[in-house]
Amino acid sequence: MTREKRKKILMSGNEAIAEGAIQAGCCFYAGYPITPQNELTAYMAKHMPEAGGIFIQAESELAAINMVFGAAACGSRAMTSSSSPGISLKQEGISYIAGAELPAVIVNVMRGGPGLGNIWPAQSDYFQATRSGGHGDYHCLVLAPSSVQETYDLMFSAFELADKYRNPAIILSDGMLGQMMEPIVAYGKSHMAYGNNKPLAISHKPKKWALTGCLGRKPNIVKSFYLREGDLEEFNLKLQRKYQIIKQKEQRWEELFLDDAKIILVAYGTMARIARSIVKTLRQKGKKVGLIRPITLWPFPEQAFTQYSKRNTQYLVIEMSYGQMLEDVRLSVNGKNTVEFFGRSGGGVPTEEEIIKKIK
Amino acid sequence: MKKVFSYPKSLRNVPTHYCAGCGHGIAHRLIAEVVDELGIREKVIAVAPVGCAVVAYDYWDFDCSEAAHGRALAVATAIKRVRPGNIVFTYQGDGDLAAIGTSETIHAANRGENLAVIFINNAVYGMTGGQMAPTTLIGQKTATTPRGRQANLEGYPLKISELLGQLPAVKYIERVSLHSPQEVNKTKQAIKQAFQNQMDNIGFSLVEILSPCPTYLGLSAAKTLGWIKDVMIKEFPLGRIK
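Each protein sequence line maps, in turn, to chains A and B.
The numbers in our numbering rise by one with no breaks, and the one at position 75 of the first sequence is 75.
In our numbering, each residue carries its 1-based index in the second sequence increased by 1000.
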């Protein structure tokens, strides 16, 4: 795919998601309004048709995810977005997408819960995203940006990984990252074609399993239903083998000041921004603090932790939740180091000061 | 000798799992014949329901997708939008289209998506063991209306086709039946009209087919056809609705 030169733009995290998706070849978007991601839907409404793609404001979150299923079944790069309560609605559809091995991108701009909650940022959907929030044994790839630039960049990864593994990929953002504005370096015009009976995104390899009409081949069936005895187990084993490969190959994380760290903070998304600040502040005071920032939440970057198992380091997990990523850190550390926790949820963003107090 | 009748190319020559006297076999065949006659087998993308016809894709010989229960019209909307040159149809039962899928049905119709919708109305939920459907008649006994459907508790049989007929973007709705050879022929014509409408870019077209489910009506196959003719049609009159 030829992309035009990169230029610097000021945009919000929500807009960066939409712009990144379009640049990455997304040619189908269906969504429903929900705060705090409405800028994303509005951006798509304006720019997706300009880029030659399809925008639909669906009648519900449920309809939107099923539209994504349909577009993905035809081989198109398809996406939906919502915030926590709306993502709950999509869980059935995501399970079907995983079960039919379709590539798709789902964006969750997290807000406080449970229930209607509020519209402030939170990180309370980690379990939902990483533990297959819908029914069945499946996993979504989960990517967690920590800046507007990374939000834009991870859209390309999300679509590529979704296509590569025929699997749904979730972008886990939050209300803070969605609303904040930062200058980013982005590509210019997108390149897509729109035509009768032609795939909309011309830049990607055609998918031989996709539904395009059976001209010149045997008919394709897109399904997640295996009724005959033994067939579903065989299919599940196939999924598990896929997930093993993803776990081996796709773990991503960032490290900051780890060489001599006695205390290692573990944080993602907005909390990683605060953690970075804490590390800088405490390092200036001579305290040996570092940071592991998971970028993939599934597969969780276990490899980042196994390297420090022999050391006498202590981990401090900080989340806008009551201990969700904490469990994955504990599993990765496997009892070799102590793991402490600081969390606040319900829409509040913790301050540097209150976390530093906990460290002291 | 000239061959005047054979298996349609679009129907796989395999035994189906449907009950004796079920209308699905006839409906599947009529669709296959229409697809062959219109020469569109290689353009068709079908969306199968959840219900007895969940495995319809094993019986047809063209591209097909499943859909979660009730969501076929959302799935089909997207397929047609990203592949406007293909012929896209959904095949749905009364629960799929008029209970759990009501919202997706109404909104796909209201947006005027250029789709053909084949709606199989047999007044009961077959696959799960004969529970009440939105179209179950008052007094009809089912697994979840053991005393017979009562209006004050379960409401009235839902005339989704008449409701959809109110929408300006809906271009064609016809209710037909499978209870006699003449009606089967009319059903085929209606199906053909719906597909032709899509090919001509006319817009949202729906064919409601009154279909026999002898197993859960608790009648013989022949008596079920009689029930459709004498009882069901009184509630669900045949003919062009839009």
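Idealized CB from N, CA, C, for every residue including glycine.
From a predicted model like this one, the values you see are computed outputs, not experimental measurements.
Around the C-beta of A/Lys-360, are 16 or more other C-beta atoms found within 10 angstroms, so that it is buried, or is it exposed?
Walking along the first sequence from the start, residue 360 of chain A turns up at place 360. Using a 10 angstroms sphere on the CB of A/Lys-360, the tally of other CB atoms stays under 16, which defines it as exposed.
Alpha carbon to alpha carbon, how far is A/Thr-313 from A/Lys-262?
Stepping through the first sequence from its first residue, residue 313 of chain A is reached at position 313. Stepping through the first sequence from its first residue, residue 262 of chain A is reached at position 262. Their backbone Cα atoms lie some 5 Å apart in a straight line.
Hey, would you say the C-beta of A/Met-155 is under 7 Å away from at least one heavy atom of the ligand COA?
No copy of the ligand COA occurs in the structure displayed, which carries no ligand at all.
Beta-carbon proximity list for A/Glu-182, same chain, < 7 Å, skipping 5 on both sides
Translated into the one-based positions of the first sequence, residue 182 of chain A becomes position 182. The answer, listed in chain order, is Ser-147, Val-148 and Gln-149.
Can you look up A/Ile-187 in the DSSP assignment and give me helix, strand or coil?
Residue mapping note: residue 187 of chain A aligns to position 187 of the first sequence, counting from 1. Inspection of the sequence shows that residue 187 of chain A is occupied by Tyr rather than by Ile. In this structure, DSSP gives A/Tyr-187 an extended state, which the three-state scheme calls strand.
According to DSSP, is A/Tyr-308 part of a helix, a strand, or is it coil?
Within the first sequence, the letter at position 308 stands for residue 308 of chain A. A/Tyr-308 falls in the coil class under three-state DSSP.
Cβ atoms of A/Glu-340 and A/Tyr-315: under 8 Å apart, would you say?
For the purposes of this step, residue 315 of chain A is taken as the residue at position 315 of the first sequence. For the purposes of this step, residue 340 of chain A is taken as the residue at position 340 of the first sequence. Yes, these two residues count as a Cβ contact at 8 Å.
Any residues in the segment 222-242 of chain A with a beta carbon nearer than 9 Å to a beta carbon of chain B? Which ones, in chain order?
Taken in chain order, the members of the segment 222-242 of chain A whose beta-carbon sits within less than 9 Å of a beta-carbon on chain B are Val-222, Lys-223, Ser-224, Phe-225 and Leu-227.
For the segment 64-80 of chain A, which residues have a CB atom closer than 9 Å to at least one CB atom of chain B, in sequence order?
Ala-64, Ile-65, Asn-66, Met-67, Val-68, Phe-69, Gly-70, Ala-71, Ala-72, Ala-73, Cys-74, Gly-75, Ser-76 and Ala-78
So for A/Ile-202, helix, strand or coil by DSSP?
Start at 1 with the first residue of the first sequence, and residue 202 of chain A comes out as number 202. The predicted position of A/Ile-202 is uncertain, since its pLDDT is 43 and thus under 50; a value taken from the coordinates is nonetheless stated next. Correct three-state label for A/Ile-202: coil.
Distance, B/Tyr-1018 Cα to A/Gly-20 Cα
Stepping through the first sequence from its first residue, residue 20 of chain A is reached at position 20. Stepping through the second sequence from its first residue, residue 1018 of chain B is reached at position 18. Near 48 Å, if we compare the C-alpha coordinates of B/Tyr-1018 and A/Gly-20.
Which full runs of the alpha helix (DSSP H) of 4+ residues lie inside the segment 233-299 of chain A, going along the chain?
269-284
Counting C-beta neighbours from all protein chains within 10 Å, is the total for B/Tyr-1125 16 or more, i.e. buried, or is it exposed?
For the purposes of this step, residue 1125 of chain B is taken as residue 125 along the second sequence, with counting starting at 1. With 16 or more neighbouring CB atoms inside 10 Å of its own CB, B/Tyr-1125 falls in the buried class.
For the alpha helix (DSSP H) containing B/Ser-1161, name the first residue and the last one.
Position 161 of the second sequence, counting from 1, holds the residue named residue 1161 of chain B. Unbroken alpha helix (DSSP H) run through B/Ser-1161: 1160-1164.
Determine which residues share a DSSP beta bridge with B/Cys-1022 and list them.
The residue given as residue 1022 of chain B occupies position 22 in the second sequence. According to DSSP, B/Cys-1022 bridges with nothing at all.
Return no unless some Cβ of chain B is closer than 8 Å to the Cβ of A/Cys-214.
Here residue 214 of chain A is taken as the residue at index 214 of the first sequence, counted from 1. Chain B contact via Cβ: present.
Can you look up A/Asp-174 in the DSSP assignment and give me helix, strand or coil?
In the first sequence, counting from the first residue as 1, residue 174 of chain A sits at position 174. Three-state DSSP puts A/Asp-174 in a strand.
Going by the beta-carbon positions, is the gap between A/Asn-108 and A/Ser-82 smaller than 8 Å?
Translated into the one-based positions of the first sequence, residue 108 of chain A becomes position 108. Translated into the one-based positions of the first sequence, residue 82 of chain A becomes position 82. Closer than 8 Å, so yes.
Simplified DSSP assignment, three categories, for B/Phe-1236
For the purposes of this step, residue 1236 of chain B is taken as residue 236 along the second sequence, with counting starting at 1. Three-state result, B/Phe-1236: coil.
Assign B/Phe-1005 to buried or exposed, taking buried as 16 or more other Cβ atoms, counted over all protein chains shown, within 10 Å of its Cβ.
Here the question's residue 1005 of chain B lines up with position 5 in the second sequence. When all chains shown are included, B/Phe-1005 counts as exposed.
Measuring CB to CB, does A/Trp-298 end up less than 8 Å from A/Cys-140?
In the first sequence, residue 298 of chain A corresponds to position 298, counting from 1. In the first sequence, residue 140 of chain A corresponds to position 140, counting from 1. Yes, they are a contact pair.
Ordered list of alpha helix (DSSP H) runs contained in the segment 1148-1205 of chain B, each at least 4 residues
1151-1154, 1160-1164 and 1181-1199
Can you give me, in chain order, the residues of the segment 1115-1137 of chain B that have a beta carbon less than 8 Å from any beta carbon in chain A?
none
Counting only C-beta atoms, is A/Ile-355 closer than 8 Å to chain B at any point?
Numbered from its first residue, the first sequence carries residue 355 of chain A at position 355. By this cut-off, A/Ile-355 is not an interface position.
Among B/Pro-1049, B/Ser-1177 and B/Gln-1198, which one has its Cα closest to the Cα of B/Lys-1188?
Indexing the second sequence from 1 puts residue 1188 of chain B at position 188. The option with the nearest alpha carbon to B/Lys-1188 is B/Ser-1177.
Cα-Cα separation between A/Ala-71 and A/Ala-78, rounded to whole angstroms:
Here residue 71 of chain A refers to the residue found at position 71 of the first sequence. Here residue 78 of chain A refers to the residue found at position 78 of the first sequence. Rounded to the nearest angstrom, the two C-alpha atoms are 6 Å apart.
Three-state secondary structure assigned by DSSP to A/Ser-345:
Here the question's residue 345 of chain A lines up with position 345 in the first sequence. Reduced to three states, the DSSP call for A/Ser-345 is coil.
With a threshold of 7 Å on Cβ separation, who are the neighbours of B/Tyr-1007 within its own chain once the five nearest residues in sequence on each side are excluded?
Taking the first residue of the second sequence as position 1, residue 1007 of chain B is located at position 7. Same-chain partners within the cutoff: Asn-1013.
Could you spell out the range, first to last residue, of the alpha helix (DSSP H) harbouring B/Ala-1090?
As a position in the second sequence, residue 1090 of chain B is number 90, starting the count at 1. Inspection of the sequence shows that residue 1090 of chain B is occupied by Thr rather than by Ala. Here B/Thr-1090 belongs to no alpha helix (DSSP H); instead the beta strand (DSSP E) covers 1087-1093.
Chain A contact for B/Cys-1064 (CB, 8 Å cutoff)
Within the second sequence, the letter at position 64 stands for residue 1064 of chain B. Taking Cβ atoms only, chain A reaches closer than 8 Å to B/Cys-1064, which makes this a yes.
Would B/Tyr-1216 and B/Thr-1145 be called neighbours here (beta carbons separated by less than 8 Å)?
Walking along the second sequence from the start, residue 1216 of chain B turns up at place 216. Walking along the second sequence from the start, residue 1145 of chain B turns up at place 145. Their beta carbons are not under 8 Å apart, which means B/Tyr-1216 does not touch B/Thr-1145 by this criterion.
What residues from chain A crowd round B/Asp-1096, counting only those whose CB sits closer than 8 Å?
In the second sequence, residue 1096 of chain B corresponds to position 96, counting from 1. Under the 8 Å cutoff, chain A gives no residues; its nearest Cβ is about 12 Å from B/Asp-1096.
Looking at A/Ile-171: is its Cβ nearer than 8 Å to the Cβ of A/Ala-16?
Indexing the first sequence from 1 puts residue 171 of chain A at position 171. Indexing the first sequence from 1 puts residue 16 of chain A at position 16. No; because the gap between Cβ atoms is not below 8 Å, this pair is not in contact.
Scan the segment 1096-1110 of chain B for residues whose Cβ lies nearer than 9 Å to a Cβ of chain A and list them as they occur along the chain.
Within the segment 1096-1110 of chain B, the qualifying residues are Ser-1103, Glu-1104, Ile-1106, His-1107, Ala-1108 and Asn-1110.
Identify the contact partners of A/Tyr-96 in chain B, using a Cβ-Cβ distance below 7 Å as the criterion.
Here residue 96 of chain A corresponds to residue number 96 of the first sequence, with the count starting at 1. The answer, in chain order, is Ala-1068.
Is it right to say A/Pro-49 is buried, meaning 16 or more other beta carbons lie within 10 angstroms of its own, or is it exposed?
If you number the first sequence from 1, residue 49 of chain A lands on position 49. By the 10 Å Cβ count, A/Pro-49 comes out exposed.
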